[in-house]
Amino acid sequence: MQFTEDGFKQLQQQNADILIDVYATWCPTCRKQGKVIKAFFKAHPESDLTVLKVDYDKQKEWVKHFKAFRQSTLIRYKGDKEIGRKIAETDQRKLFNLYQFD
Numbered sequence: 005m006q007f008t009e010d011g012f013k014q015l016q017q018q019n020a021d022i023l024i025d026v027y028a029t030w031c032p033t034c035r036k037q038g039k040v041i042k043a044f045f046k047a048h049p050e051s052d053l054t055v056l057k058v059d060y061d062k063q064k065e066w067v068k069h070f071k072a073f074r075q076s077t078l079i080r081y082k083g084d085k086e087i088g089r090k091i092a093e094t095d096q097r098k099l100f101n102l103y104q105f106d
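For the sequence shown, this note's numbering gives the first residue as 5, with consecutive numbering after it.
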């Protein structure tokens, strides 16, 4: 789902599990991360994790807000608390651990 401020705030108020995916369409690492995200949901269809995609090139104010100094940054939230972050990581095991962070 594409990131919007209202959607993000609403999910935070619901204490939802959120993954911020800071991506760029031209980024090969981002494409690999996208495949791992799809694999995660295929392996864990019961997951209530919501993925919000922040466009690195078009949503610069949010890139700055999340302190994502490069594309291919994944940030895990539980409600309004950041609980994990991976930058340029493509290892499935490490990313699955981020997505399932408790």
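Positions of the beta carbon are idealized from the N, C-alpha and C atoms, including for glycine.
_Using only CA atoms, which one of Tyr60, Glu65 and Leu15 lies nearest to Cys34?_
Working through the sequence shown from its first residue, we reach residue 34 at position 30. The shortest Cα separation from Cys34 among Tyr60, Glu65 and Leu15 belongs to Tyr60.
*asked:* Applying the 10 Å Cβ sphere with the 16-neighbour rule, what's the burial state of Ser51?
replied: Along the sequence shown, read from residue 1 onward, the residue named residue 51 stands at position 47. Ser51 is exposed by the Cβ-count criterion.
*Beta-carbon proximity check, Tyr27 vs Lys57, cutoff 8 Å*: The residue you call residue 27 lines up with position 23 of the sequence shown. The residue you call residue 57 lines up with position 53 of the sequence shown. Yes, Cβ-Cβ distance for Tyr27 and Lys57 is below 8 Å.
*What first and last residue would you give for the alpha helix (DSSP H) that runs through Asp10?*
The residue given as residue 10 occupies position 6 in the sequence shown. Per DSSP, the continuous alpha helix (DSSP H) segment holding Asp10 begins and ends at Glu9 to Gln17.
*Tell me the start and end of each unbroken beta strand (DSSP E) in the stretch 56-105 that is at least 3 residues and wholly inside, in chain order.*
List check, beta strand (DSSP E) in window: 77-82 and 85-91.
*Reduced DSSP secondary structure (H/G/I, E/B, other) of Thr33*: The sequence position of residue 33 within the sequence shown is 29, counting from 1. The answer is helix: DSSP assigns Thr33 an H, G or I state.
*How would you label Gln2, buried or exposed, when you count the other beta carbons within 10 angstroms and need 16 or more for buried?*
Shown here, the chain extends from 5 to 106; a query on residue 2 therefore has no answer.
_At the level of alpha carbons, what is the spacing between Tyr103 and Phe45?_
Within the sequence shown, numbered from 1, the residue matching residue 103 stands at position 99. Within the sequence shown, numbered from 1, the residue matching residue 45 stands at position 41. If I take the Cα positions, the gap works out to 10 Å.
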